[in-house]
Every structure is written in structure tokens, then in C-alpha cells.
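Q: In the working numbering, the protein residues as written are 53 to 174.
For every residue, glycine included, the Cβ atom is placed at its ideal position computed from N, Cα and C.
Structure incoming, see below.
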């Protein structure tokens, strides 16, 4: 993480620090037809940032979908839609590994913090 990104991370704290503005932040980045599911995407992003900060290597976090649904209270459809939106904004990378199938998440903090900076500067 470069110095500018570290500065913004310290300034903004986790993205969850501005939860009321997070849906508006995501909405500003997505086309109108993708605006459904913004609250679910904001909630999932907040949870992923939480786990990102606690990850052993600070990179990838893994969760089975059923565990993520239990943690967030999202339905399966809401979780899938939220994942799609976060990948589309380039804030989260997702891959699947293992049996049973486990979803691995990586929050791209540079993209997220740069977008947050642009949003707060407007």
C-alpha cells in the first residue's frame, strides 16, 4: 500500500466508518441499472473490510457462502448480487477454491480508497 493510500486509510478509517454514505458512494460508481442491491453490497463490503484488517496476510480472506450469509444476514440472492456489484466496481476480487467450495475475497484497498477520496472531494 502506498503512502497516499495509507494516509486515506488512517483518515477515513475502515469504509464502515461512513455506513450511511456507503450506498451513495457505491451508487455514484455504478450505472443506474445496477443500483439494485446497493445496501447488500455496502454491507458485504463493510464486512470484507473488517475481515481484511484481521487477515493473517492482509490479502485474501475466505468464507463459505453459508457462513457469510449467517454473518451478514443476507439471503443467497442478495449475497450473489452484492458480490457481482463489488467485483464490477473493482473493489473486491473473488476466486473459488476447494471442496466444499469456498469463496476467497481480496479487498483492493488502493482502488477503494482512491474512489473514496474522489467521492469525499466532490
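Roughly how many angstroms separate the alpha carbons of residue 137 and residue 122, rounded to a whole number?
A: 20 Å
Q: Tell me residue 162's beta-bridge partners as DSSP assigns them.
A: DSSP lists no partner for residue 162.
Q: Using a 10 Å radius around the Cβ and a threshold of 16 neighbouring Cβ atoms, would you call residue 53 buried or exposed?
A: Note that residue 53 scores 47 on pLDDT, short of 50, meaning its location in the model is unreliable; the coordinates nonetheless yield the value given after this. Counting Cβ neighbours within 10 Å, residue 53 comes out exposed, since fewer than 16 surround it.
Q: Let's test the definition: count the other Cβ atoms within 10 Å of the Cβ of residue 71 and tell me whether it reaches 16, buried, or not, exposed.
A: Unreliable positioning characterises residue 71 in this predicted model, as indicated by a pLDDT of 49, which lies under 50. The coordinate reading is nonetheless provided below. That one is exposed.
Q: Grab me the residues of residue 142's own chain with a C-beta within less than 7 Å of its C-beta, minus the 5 sequence neighbours each way, in chain order.
A: 160, 163
Q: Could you check the C-alpha separation between residue 103 and residue 113 for me, to the nearest Å?
A: Those two C-alpha atoms are separated by around 7 Å.
Q: Leaving out five residues before and five after residue 93 in sequence, what residues of the same chain have Cβ atoms less than 7 Å from its Cβ?
A: If you ignore the 5 residues before and after residue 93, its C-beta comes within less than 7 Å of the C-beta of 78, 134, 137, 138, all in its own chain and listed in chain order.
Q: State the Cα-Cα distance for the pair residue 101 and residue 111, rounded to the nearest angstrom.
A: Computed Cα separation, rounded: 11 Å.
Q: In terms of residues, what are the limits of the beta strand (DSSP E) holding residue 148?
A: 144 to 149
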